[in-house]
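Q: Going line by line, the protein sequences match chains A and B. Counting with the working numbering, you get residues 27 to 455 for the letters of the first sequence. Counting with the working numbering, you get residues 413 to 824 for the letters of the second sequence. Using N, Cα and C, we set each Cβ at its ideal position, and we do this for glycine too. The model shown is predicted, which means the values in this text are computed figures rather than measured ones.
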Amino acid sequence: MEEIKIKNLDETVYKEVLDNGLTILLYKKPGFQNKYAFFETKYGSVNNSFIPNGNKEIHQYPLGIAHFLEHKLFESKDDDSVFKKLQNYGAYVNAATSYENTYYYFETTDNFDDCLKILLDFVQSPFFTDENVEKEKGIIGQEIDMINDDPNRFLYRMSINNVLKNIPYKYDIGGTKESIDKITKEDLYDCYNTFYNPSNMFVMVAGDIDIDNTIKVIKENQSMKDFKKQCKIVQEEFTEPNGVDVKKETYTHNVKNKIVGLCYKLNYPKMDDEDLYKLKVYLNIYFDILFGSTSGFYDELIKNKVIKSKFDYDSLHFKNANNTFVELFYADANSVTKFKSAIESKLSNKDDISYMFNLWKKNLIANYVRRFEYPDSASYFIRKNYAKYGKVIDNEYDLLESLNYDDFIKVIESIHDYDMVEVILKPKQ
Amino acid sequence: MEIIKRNINNIPVTYFKTNKFKSVQGSLFFKMPAEEGKETILSLLSLIMVSVCKKYDTNKKLNLNLFENYASYYCSEIRRIGNYDIINYNFSCINDKYVNDNVIDNVVDTFCELIYNPDVSNKMFNKESFDLYFNSVRGKLGRIKENRKKYGYQMLMKKMFPNSSISSFKNMDDLLKISADDLYKEYLYIMNNSNLELYLIGDLDYEKVANKILNNLKSVSYTNPKLNENKKEEKEFKVYKETLNTSGSVMFLGTKLLDITPYERSFVIPIYSNILGGGPSSRCFDIIREKNSLAYYCYSKYAKDNLTITLIAGIDGDNFDKTKKLMLEVMDGMKNITDEELVRAKTDIITSLKQIEDDKSSVVSYNYFSDFYEDGSVSEKINNFNKVTKDDVIKICDKLSLDTIYLLEGEK
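1. Is DSSP giving Ile490 of chain B helix, strand or coil here?
2. Report the neighbours of Phe279 of chain A on chain B: residues whose CB is nearer than 7 Å to its CB, in chain order.
3. Evaluate the contact criterion for the region 349-369 of chain A versus the region 321-339 of chain A: three or more CB pairs, one atom per stretch, below 8 Å.
4. If contacts are defined as beta-carbon pairs under 8 Å, then Ile50 of chain A and Val229 of chain A qualify, I think. What distance do you get, rounded to the angstrom?
5. Tell me whether the region 203-217 of chain A and the region 159-166 of chain A touch, counting them as touching only if at least three CB pairs, one residue from each stretch, are closer than 8 Å.
6. Could you tell me which chain B residues have their CB closer than 7 Å to the CB of Ile165 of chain A, listed as they occur along the chain?
7. Return the bridge partner residues of Gln437 of chain B from the DSSP annotation.
8. Determine whether the Cβ of Ser488 of chain B lies closer than 8 Å to any Cβ atom of chain A.
9. Give the interface partners of Asn475 of chain B over in chain E, defined as CB-CB distance under 7 Å, in chain order.
10. Can you look up Val395 of chain A in the DSSP assignment and give me helix, strand or coil?
11. Should Val39 of chain A be labelled buried (16 or more other beta-carbon atoms within 10 Å of its own) or exposed?
12. Name, please, each residue of chain A whose Cβ falls closer than 8 Å to the Cβ of Leu587 of chain B.
13. Under 7 Å Cβ-Cβ, which residues of chain A neighbour Leu544 of chain B?
14. What does a CB cutoff of less than 7 Å around Ile438 of chain A pick up in its chain, not counting 5 residues either side in sequence?
15. Could you name the residues of the region 50-80 of chain A whose beta carbon sits closer than 7 Å to any beta carbon of chain B, in the order they occur along the chain?
16. Would a check of beta-carbon distances place Arg550 of chain B closer than 8 Å to chain A?
17. Does DSSP classify Thr240 of chain A as helix, strand or coil?
18. So who's on the other strand from Phe337 of chain A, going by DSSP bridges?
19. Determine the DSSP secondary structure at Thr49 of chain A, reduced to helix, strand or coil.
20. Which one or two residues does DSSP pair with Gln455 of chain A in a beta bridge?
21. Is Gly666 of chain B helix, strand or coil when you go by DSSP?
22. According to the Cβ coordinates, are Phe58 of chain A and Pro401 of chain A closer than 8 Å?
23. List the residues of chain B whose Cβ lies closer than 7 Å to the Cβ of Gly116 of chain A, in chain order.
24. Keeping to the same chain, check which residues put their C-beta closer than 7 Å to that of Ile237 of chain A; ignore five residues upstream and five downstream.
25. Answer with buried or exposed for Tyr675 of chain B, where buried requires no fewer than 16 other C-beta atoms within 10 angstroms of its C-beta.
26. For the beta strand (DSSP E) containing His22 of chain A, name the first residue and the last one.
27. Counting only Cβ pairs nearer than 7 Å, list the residues of chain A close to Val520 of chain B.
28. Within 10 Å of its beta-carbon, does Gln455 of chain A have 16 or more other beta-carbons around it, so buried, or fewer, so exposed?
29. Under 7 Å Cβ-Cβ, which residues of chain B neighbour Pro177 of chain A?
30. Could you please give the first and the last residue of the uninterrupted alpha helix (DSSP H) stretch that includes Glu439 of chain A?
31. If I measure Cβ to Cβ from Thr682 of chain B and keep anything under 7 Å in the same chain, skipping five residues before and after, which residues do I get?
32. Find the residues of chain A that neighbour Gln767 of chain B, judging by a C-beta separation of less than 7 Å, and give them in chain order.
33. Determine the burial state of Phe503 of chain B: buried for a count of at least 16 other Cβ atoms within 10 Å of its Cβ, exposed for fewer.
34. Of all Cβ atoms in chain A, is any one closer than 8 Å to the Cβ of Val511 of chain B?
35. Contact check, Val800 of chain B vs Val662 of chain B under 8 Å by CB: the rounded distance?
36. Using CA coordinates, which residue listed in B:Leu544, B:Lys434, B:Glu598 and B:Asn547 is at the minimum distance from Glu447 of chain B?
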């Protein structure tokens, strides 16, 4: 077992890799009642074109299948549902699918070992039938409707769809009603058997746990199963060219006032993980300085009657797609032109922001320390980094400390070539 | 966690001494008699009070101060329980020892500025600040229908409790009547007519902090809260429909609880509601979603304050009649619950109680609000939940009165 000391904080993450390839990450946090366990696979909504186990050619699967599979794994052969088994022990259970990952988790104050075994077992016991697949289509169809009916999520979804040209991040994680209608149980087994091999997965446990006992429970559980390490999964690769798919689009929606979304796209060359991490942080700091809570930007928009009352922004990064960065701004703008002009005027501003850079850097470091305040927040970041970079990042404090204004300025100066889309939601009259 | 209780300046202070967190939190509670129609002005006041003050007269200036103090923050919450309104103002910051700086002192100083020196001159809130936050609340009120669950629930309550403080929510009509000097008058009223309590949690010099905060405040005594009781009404079960520009629909089935004892309110009905629609093992989830694929979500919401249980489901509008029939069957089926369901519900609720001490806000909130219901400590509560029998839960079926359905129907 490897002990990974998180530098500058008195924190340790333990790591062990089993014979079947499963990675276990453990974070002990004394004094807390709740314990958390996550069972995660590096498989998400973008992994739709791949060579399934036992095949030689790339197959394409319907959009939304990773999310569909996540729902179906809660199905069990026996009468007792997974939910009931875990709730009998007082545990709360849930799952989520993102672009690149799917995880299943529970949290509980008692009976942790029993719940951990149930988690490992239900994720590793797929049970798909024609009947239970058909039944799920109705449920997920309604989930899709619910997401589409939320103006913020709809705006986000259409912005991403229109700004990206070629990569599967373009499509909604849940797919569409039409795409999920095509899913069969055979498709689900193909995806499961390819991506749910332990060598493509990891377990993260956090809380006031017994490290040695937890490892023992997982090892014993896995030793009773017949998983063998598999070779690297071959997937179709996509490149994201410059430019956007749809420059401008208007939709009617359940909104009181017109909502304008402006989505800016930046491409960066491939770089090593440490440089990429810093680039992300510099870009986030830059947009926060210009548009965040210390900028006064919101007050200016209100004062100049550019917007009515709503403004927000969000940053996304698609590492496996030419390092595409997307910055999304949205507001209940009175005028699209004035809103765009306000954003772009900020982007072209050349004022000295060294003071603000140092202030935001200070806060990033404080927030990094606070991540380790609770076992769930700590485990969230440990998992996220492990899924993205394939390792536990032990030197993040040093990386943040090493950020400097000169490098920051070089990154800002690289933001001159961007593409942009407009997405407008208007109320139905 | 050691709990220290003291009166400082005649105001009760509760300090949860612990070093398990990396940050500290303070919460100052103002409790005052509730008045119908005051929800909107209290909402505006509570927002402006944590956004600007005389010393930091723009939100930008305040945020710069927060950032100088390592991403500390201030926030406020409002709640109505029975015949009282409660506003709490909170601060939170990283503990000094992690950054080698006087963060706690600085943050408490700014907190006192926010409470004692609002952005006021000539007996009214300054126009620029007032307009900005007035506008922000107006925007949120204007967009209420975009949050269908919140909007639909409010509409249901309005139908179930017409002309009552229970169904009195912040609204545009009341907002448009508020002026900058009205707001200041409300501020003065709250400062001079509230019952006060201070809670602190973390590793800090609580006496120093409490003395700073409570230096110029006077607390008023009030009687115990009077909680809502529902009376039986000769009233037909009604269905209301409203169309929104969405594809999906949301359905709210509202029921009232009658002749409820304090024991049932606090310990029996939560178990009933958990079995009925309290999560993925509940009857609503199992029957309406899993077995009949009628809803992506279907759950029950128990409002302890006004003694209602509401079933909420996200459905396809075409399935309204089918879902309604099934919901009524599910409720009828609650006359037969299993031992397994009872144990599972208790385990679920008791686990949530044990988790309280893992979160600073939960610790504070639980301890303050438990007095309203006289529920006792966490261990007393756990004992009481364990005592609840199957018969206790089944009896609730006869105390439930179906009242109203509100459907937010999507357009085709």
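A: In short:
1. strand
2. Before going on, a small fix: residue 279 of chain A reads as His here, not Phe. Within 7 Å Cβ-Cβ: Asn657.
3. yes
4. 5 Å
5. yes
6. Arg701, Ser705 and Tyr708
7. B:Ser504 and B:Ile613
8. no
9. Absent here is chain E; the protein component of the structure consists of chains A and B.
10. helix
11. buried
12. Per Cβ cutoff of 8 Å: no residues; Leu587 of chain B is ~12 Å from chain A at best.
13. Asp325 and Ile328
14. Tyr312
15. Gly57, Phe58, Gln59 and Asn60
16. yes
17. helix
18. A:Ala357
19. strand
20. Gln455 of chain A is not bridged to any residue.
21. strand
22. yes
23. Thr759, Asp760, Ile762 and Thr763
24. Tyr40, Leu52 and Lys54
25. exposed
26. A question about residue 22 of chain A goes unanswered here, because the residues of chain A that appear run from 27 up to 455.
27. Here the premise fails: no neighbours, minimum Cβ distance about 17 Å.
28. exposed
29. Glu558
30. Tyr431 to Glu439
31. Residue 682 of chain B is actually Pro in this sequence, not Thr. The answer, listed in chain order, is Tyr714 and Ile761.
32. Gln59, Asn60 and Thr135
33. buried
34. yes
35. Contact flag wrong, Cβ pair sits at about 31 Å.
36. B:Glu598
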